[in-house]
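Q: These protein sequences, in sequence, are chains A and B. Whatever position you read off the first sequence (first residue = 1), add 31 for the numbering used here. Whatever position you read off the second sequence (first residue = 1), add 19 for the numbering used here. Pasting a structure here, questions to come.
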Amino acid sequence: MGSLLDKIDIILISTIRMSVPITLAAVAGVFSARAGIMALGLEGMMLAGAFCAALGSYIAGNVLIGLLAGIIGGVIISLFHGILTIRYKVDHVISGIGLNLLASGITTVLLQTIWGNRGNSPEVNSISPIHIPILGEISPLVCVMILVVILSWIVIFKTTFGLRLRMVGEHPKAASTVGINVNRVKYISVIITGILAGLSGAYLSIDHVNLFVREMTAGRGYIAVVVNILGRYNPVGALGGGLLFGFADSIQLVLSGDNIPGQLIQMIPYIVTLLVLMFAVRYIRPPAGLGKNVED
Amino acid sequence: MKSNVKILDKLYAAKGISNTIVLFLSLILALIVGGVFFLANGYSPIDAYAAIFIGAFGSFPAFIMTLTQATPLIFSGLAFAVAIRGGMLNVGTEGQLFIGAFAAAIVGAYIKGCPAYIHIPLVLLAAAIAGGLWAALVGFLKVRFGSNEVITTIMLNFVAINLTGYLVNYPLKNPEGMMAQTKPIFDSAKLPRFFSQYQLSAAILLAALTIAVIAFIFYKTPLGYEIEVTGKNKRAAETAGIKIDRVVIITMFISGAIAGLGGAGQVMGINHSFIDGFSPGYGFEGVAVSALVANNPVLTFFSGILFGAIKAGAITVNRIAHIPMDFVFVIQALVVIFVASPKLVGSILNIFKKKGDK
Chain A
32 MGSLLDKIDI ILISTIRMSV PITLAAVAGV FSARAGIMAL GLEGMMLAGA
82 FCAALGSYIA GNVLIGLLAG IIGGVIISLF HGILTIRYKV DHVISGIGLN
132 LLASGITTVL LQTIWGNRGN SPEVNSISPI HIPILGEISP LVCVMILVVI
182 LSWIVIFKTT FGLRLRMVGE HPKAASTVGI NVNRVKYISV IITGILAGLS
232 GAYLSIDHVN LFVREMTAGR GYIAVVVNIL GRYNPVGALG GGLLFGFADS
282 IQLVLSGDNI PGQLIQMIPY IVTLLVLMFA VRYIRPPAGL GKNVED
Chain B
20 MKSNVKILDK LYAAKGISNT IVLFLSLILA LIVGGVFFLA NGYSPIDAYA
70 AIFIGAFGSF PAFIMTLTQA TPLIFSGLAF AVAIRGGMLN VGTEGQLFIG
120 AFAAAIVGAY IKGCPAYIHI PLVLLAAAIA GGLWAALVGF LKVRFGSNEV
170 ITTIMLNFVA INLTGYLVNY PLKNPEGMMA QTKPIFDSAK LPRFFSQYQL
220 SAAILLAALT IAVIAFIFYK TPLGYEIEVT GKNKRAAETA GIKIDRVVII
270 TMFISGAIAG LGGAGQVMGI NHSFIDGFSP GYGFEGVAVS ALVANNPVLT
320 FFSGILFGAI KAGAITVNRI AHIPMDFVFV IQALVVIFVA SPKLVGSILN
370 IFKKKGDK
């Protein structure tokens with residue numbers, strides 16, 4: 032009995048921990064999607080965020096600077112995505128894929144030029160957990176995640192900016208007619224996406240572990256796109272979806288002690304994503320302007 | 020998700036912009052930005068590109084290396100091109116390549132006693148079917164559930180790499196030796212090499228043959244026409260009486276089969292067994308190979324050789340200047356981005372023009 036309770040405890044804690052990067056990235060995706068931009072570049076933003084966070088923490092020896100650097104890394108990639116799709120009318124999907132490939136290539140090159148190692152960075156300072164009653168030791172970024180979810184929900188559904196954002200995503204022409212600066216709203220949302228995706232990546236490298244590993248996002252950016260849809264383009268829904276995938280990730284931890292080959296366990300989140308895509312998101316209606324480039 | 024399908028339709032219908040100049044400039048721009056990397060490494064870009072050129076074409080072994088590096092890229096570029104012609108973004112060639120390679124290794128190592136002229140086709144067939152079915156699943160998910168193929172292919176990549184990783188580490192691991200690889204394939208399943216001292220194998224001829232078959236399908240058969248029309252405009256295809264669901268699944272099958280053959284080529288020509296995680300990303304490189312020639316299946320052969328040359332040259336540069344080979348992936352990603360952004364390329368061109376006017 033004791034061991035069962037222990038396992039439930041482990042699953043609960045690690046579900047919350049593993050839900051952080053997915054939820055943050057999915058909320059990041061909500062801002063883009065609501066503005067009509069398909070955020071298929073989340074993977075690249077997270078990877079850049081993870082890398083820059085490790086680099087910032089390595090250089091400054093300070094995790095706050097690491098976090099900030101991670102955010103900047105995410106914003107750089109997201110701004111590229113924004114400029115390519117908004118200004119140069121590039122296909123959102125191709126831009127996303129191209130930037131993901133770019134982030135993967137650049138981080139691997141920089142790993143070698145900065146640290147002379149193709150696989151991972153040296154250990155860097157990482158964020159230390161804080162003590163919270165009942166849950167115990169937990170990362171402060173868990174609190175940040177909850178705060179981000181609540182604030183994002185308020186911003187999107189209860190503020191003028193949110194109203195404009197949703198209008199831009201649903202019907203950019205109409206938004207433009209009533210005097211909304213469509214591109215400005217889009218760029219702001221793209222930057223918010225970059226900040227949150229960078230934060231999500233930073234969590235992976237300087238909180239969940241304490242180093243950058245090549246390709247450490249491992250498809251989480253794509254999973255976040257699905258969670259974003261599953262959560263009906265709503266930050267609160269993103270948290271729900273994030274917890275589901277946090278659970279799928281955390282099962283790995285519990286099973287890995289039971290002699291089940293690691294490769295099989297590692298497939299779980301991807302198979303869950305496929306199942307969600309097949310059965311859960313079919314009838315969810317995206318913002319009407321999603322992925323469309325408006326000719327001006 | 021459902022309306023994503025519609026969005027993609029429109030995007031593909033609106034494309035048709037990539038002309039030769041944009042393609043060429045995209046490559047040049049990518050190489051220029053790549054040059055910045057050399058500078059950042061304290062190495063002259065001109066010296067670096069000269070070294071790449073010599074490393075790729077400067078000698079007979081160098082040219083052989085170029086062709087060896089090009090072989091898997093031609094397959095994955097062709098696979099990507101075929102899928103995008105049918106309106107599908109197959110970023111899953113990496114996974115299909117793993118599945119095809121694995122099937123090839125199993126049929127090559129466990130079917131014994133048949134002559135090479137039966138064994139080789141059998142192995143190739145197994146790889147093509149395995150890779151094809153793996154990709155057809157994506158087509159099925161698209162038409163049945165409207166699942167975005169970019170996400171399903173990426174997810175299936177991770178599943179394929181982990182699944183083959185499991186099989187090669189546990190039930191099908193070669194008991195002799197420590198490495199996670201399958202039993203070596205029989206000699207009757209090996210593709211002949213041109214020269215005993217180089218890895219270049221008949222796989223490159225197989226790539227050329229595959230391109231010929233694809234060109235025949237595309238330019239001479241109703242299926243090719245149906246794929247093209249479906250890719251260009253789904254609604255028009257439907258009106259014309261084309262069963263687009265069927266076409267999408269077949270397109271993905273063909274694309275995956277080609278990727279699977281690419282994996283088989285590596286197993287049968289170079290490694291002679293399936294090695295855990297053997298591909299450094301050949302599948303993803305196909306995106307750039309295809310993009311550079313505006314997804315023209317026949318031209319992927321030359322585009323593949325070009326990127327193969329850059330990779331072969333990069334090996335030399337890595338040896339003499341210790342510049343990480345991965346800068347090749349940066350150049351590839353930039354090619355993908357620039358090719359997709361004719362307006363960006365155009366405005367960069369304008370900057371140069373204005374400077375020229377002064």
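In this text, a Cβ means the ideal position worked out from N, Cα and C, and glycines have one as well.
Between which two residues does the alpha helix (DSSP H) carrying E201 of chain A extend?
A: Taking the first residue of the first sequence as 1, we reach residue 201 of chain A at position 170. Here the alpha helix (DSSP H) through E201 of chain A covers T191 to E201.
Q: For a test of the three-state rule: what should DSSP assign to V244 of chain A, helix, strand or coil?
A: Taking the first residue of the first sequence as position 1, residue 244 of chain A is located at position 213. Of the three classes helix, strand and coil, the one that applies to V244 of chain A here is strand, per DSSP.
Q: DSSP three-state label for N252 of chain B, please.
A: Taking the second sequence and counting its residues from 1, the one referred to as residue 252 of chain B is at position 233. In this structure, N252 of chain B counts as coil in the three-state DSSP scheme.
Q: Cβ atoms of G282 of chain B and F177 of chain B: under 8 Å apart, would you say?
A: Residue mapping note: residue 177 of chain B aligns to position 158 of the second sequence, counting from 1. Residue mapping note: residue 282 of chain B aligns to position 263 of the second sequence, counting from 1. No.
Q: Taking Cβ positions only, does M107 of chain B come closer than 8 Å to chain A?
A: Walking along the second sequence from the start, residue 107 of chain B turns up at place 88. Chain A, which has no Cβ nearer than 8 Å to the Cβ of M107 of chain B, makes this no.
Q: Reducing DSSP to helix, strand and coil, say where I169 of chain A ends up.
A: For the purposes of this step, residue 169 of chain A is taken as residue 138 along the first sequence, with counting starting at 1. I169 of chain A: strand per DSSP, three-state reduction.
Q: Would you list the residues sitting across from I163 of chain A in a DSSP beta bridge?
A: Against the first sequence, residue 163 of chain A aligns to sequence position 132. DSSP lists A:G167 as partners of I163 of chain A.
Q: Using the C-alpha atoms, what's the distance from G72 of chain A back to A75 of chain B?
A: Here residue 75 of chain B is taken as the residue at index 56 of the second sequence, counted from 1. Here residue 72 of chain A is taken as the residue at index 41 of the first sequence, counted from 1. The alpha-carbon atoms of A75 of chain B and G72 of chain A are separated by roughly 33 Å.
Q: Contact between the region 80–96 of chain A and the region 287–298 of chain A is defined here as three or more beta-carbon pairs at a separation below 8 Å; is this criterion met?
A: The region 80–96 of chain A, when compared against the region 287–298 of chain A, does not touch it at the 8 Å Cβ threshold.
Q: By how many angstroms is the C-alpha of L97 of chain B removed from the C-alpha of T319 of chain B?
A: Taking the first residue of the second sequence as 1, we reach residue 319 of chain B at position 300. Taking the first residue of the second sequence as 1, we reach residue 97 of chain B at position 78. Answer to the nearest angstrom: the Cα atoms are 6 Å apart.
Q: Mapping DSSP to helix, strand and coil, what is S166 of chain B?
A: Numbered from 1 along the second sequence, position 147 holds the residue referred to as residue 166 of chain B. In the structure shown, S166 of chain B sits in coil (DSSP, three-state: anything other than H, G, I, E or B).
Q: Could you tell me which chain A residues have their CB closer than 8 Å to the CB of M271 of chain B, listed as they occur along the chain?
A: Your numbering for residue 271 of chain B matches position 252 in the second sequence. Chain A residues near M271 of chain B: none, gap ~15 Å exceeds 8 Å.
Q: Along chain B, in chain order, which residues have C-beta atoms closer than 8 Å to that of I90 of chain A?
A: Counted from its first residue, the first sequence places residue 90 of chain A at position 59. Residues of chain B passing the Cβ test: none, with the nearest at roughly 17 Å.
Q: Just checking my contact of I103 of chain B with N252 of chain B at CB under 8 Å: how many whole Å lie between their CB atoms?
A: One-based indexing of the second sequence puts residue 103 of chain B at position 84. One-based indexing of the second sequence puts residue 252 of chain B at position 233. I103 of chain B to N252 of chain B, Cβ: 14 Å. No contact.
Q: G184 of chain B versus chain A: which residues are under 8 Å apart at the beta carbon?
A: Here residue 184 of chain B is taken as the residue at index 165 of the second sequence, counted from 1. Here the neighbours are Q294.
Q: Is the region 37–56 of chain B touching the region 350–358 of chain B, taking contact as three or more C-beta pairs under 8 Å?
A: With the cut-off at 8 Å, the region 37–56 of chain B and the region 350–358 of chain B touch.
Q: What does R65 of chain A pair with, by DSSP beta-bridge criteria?
A: Position 34 of the first sequence holds residue 65 of chain A. DSSP, once it has assigned bridges, lists no residue as partnering R65 of chain A.
Q: Can you list the residues of chain A that N314 of chain B reaches, using a CB-CB cut of under 9 Å?
A: Looking up residue 314 of chain B in the second sequence gives position 295. Those within 9 Å of N314 of chain B in chain A number zero; the least Cβ separation is about 11 Å.
Q: Have a look at C54 of chain A and A269 of chain A and give me their C-alpha separation to the nearest angstrom.
A: The residue you call residue 54 of chain A lines up with position 23 of the first sequence. The residue you call residue 269 of chain A lines up with position 238 of the first sequence. It is Thr, not Cys, that sits at residue 54 of chain A in the sequence shown. Using only the alpha carbons, I get a separation of about 6 Å.
Q: Between the region 69–85 of chain B and the region 300–317 of chain B, do three or more beta carbon pairs fall short of 8 Å?
A: No, they do not touch.
Q: What does the Cβ neighbour count give for S366 of chain B, buried or exposed, with the cut at 16 atoms within 10 Å?
A: Here residue 366 of chain B is taken as the residue at index 347 of the second sequence, counted from 1. So S366 of chain B counts as exposed.
Q: Using the C-alpha atoms, what's the distance from S287 of chain A back to L378 of chain B?
A: Within the shown structure, residues of chain B are numbered from 20 to 377, placing residue 378 of chain B beyond reach of any answer.
Q: If you measure between the beta carbons of I187 of chain A and R195 of chain A, is that distance less than 8 Å?
A: As a working note, residue 187 of chain A is residue 156 in the first sequence. As a working note, residue 195 of chain A is residue 164 in the first sequence. Against a cut-off of 8 Å, the Cβ pair of R195 of chain A and I187 of chain A comes out as no contact.
Q: Under DSSP, the alpha helix (DSSP H) around L274 of chain A begins and ends at which residues?
A: Residue numbering aside, residue 274 of chain A sits at position 243 when the first sequence is read from its first letter. P266 to L286 is the span of the alpha helix (DSSP H), which, as asked, contains L274 of chain A.
Q: Any beta-carbon of chain B closer than 8 Å to the one on Y218 of chain A?
A: For this step, residue 218 of chain A is matched to residue 187 along the first sequence. No, Y218 of chain A does not count as interfacial toward chain B.
Q: Taking T171 of chain B and L186 of chain B to be in contact with their CB atoms under 8 Å, please state how far apart those CB atoms are, rounded to whole angstroms.
A: On the second sequence, residue 171 of chain B is found 152 positions in, with the first residue counted as 1. On the second sequence, residue 186 of chain B is found 167 positions in, with the first residue counted as 1. Not really, about 22 Å apart at Cβ, beyond 8 Å.
Q: Can you pull the DSSP bridge partners for R212 of chain B?
A: In the second sequence, residue 212 of chain B corresponds to position 193, counting from 1. According to DSSP, which records beta bridges pairwise, R212 of chain B is partnered with B:S220.
Q: Measuring only the C-alpha atoms, how far is E195 of chain B from A59 of chain A?
A: Locating residue 195 of chain B in the second sequence gives position 176, counting from the first residue. Locating residue 59 of chain A in the first sequence gives position 28, counting from the first residue. Straight-line Cα distance between these residues: approximately 49 Å.
Q: Among A:H162, A:S126, A:R118 and A:L78, which one has its Cα closest to the Cα of I103 of chain A?
A: Within the first sequence, the letter at position 72 stands for residue 103 of chain A. Nearest option by C-alpha distance: A:L78.
Q: Quick one: is N324 of chain A buried, meaning 16 or more other Cβ sit within 10 Å of its Cβ, or exposed?
A: Residue numbering aside, residue 324 of chain A sits at position 293 when the first sequence is read from its first letter. When all chains shown are included, N324 of chain A counts as buried.
Q: How many whole angstroms separate the CB atoms of A57 of chain A and A233 of chain A, which I take to be in contact at a CB cut-off of 8 Å?
A: Walking along the first sequence from the start, residue 57 of chain A turns up at place 26. Walking along the first sequence from the start, residue 233 of chain A turns up at place 202. Incorrect: roughly 16 Å between the Cβ atoms, too far for contact.
Q: Between the beta-carbon of L92 of chain B and the beta-carbon of E304 of chain B, is there less than 8 Å?
A: Translated into positions along the second sequence, residue 92 of chain B becomes position 73. Translated into positions along the second sequence, residue 304 of chain B becomes position 285. Yes, Cβ-Cβ distance for L92 of chain B and E304 of chain B is below 8 Å.
Q: Return no unless some Cβ of chain B is closer than 8 Å to the Cβ of K23 of chain A.
A: Residue 23 of chain A falls outside the range modelled here, since chain A spans only 32 to 327, and no answer is possible.
Q: Output, in chain order, the set of chain A residues within a Cβ distance shorter than 8 Å of Y189 of chain B.
A: Your numbering for residue 189 of chain B matches position 170 in the second sequence. Near Y189 of chain B (Cβ distances below 8 Å), the residues of chain A are P292.
Q: Assign I237 of chain A to one of three DSSP states: helix, strand, or coil.
A: Residue mapping note: residue 237 of chain A aligns to position 206 of the first sequence, counting from 1. Three-state result, I237 of chain A: helix.
Q: Can you check whether the C-beta of V55 of chain B is within less than 8 Å of a C-beta belonging to chain A?
A: Counting from one through the second sequence, the residue named residue 55 of chain B turns up at place 36. Output row for V55 of chain B: interface = no.
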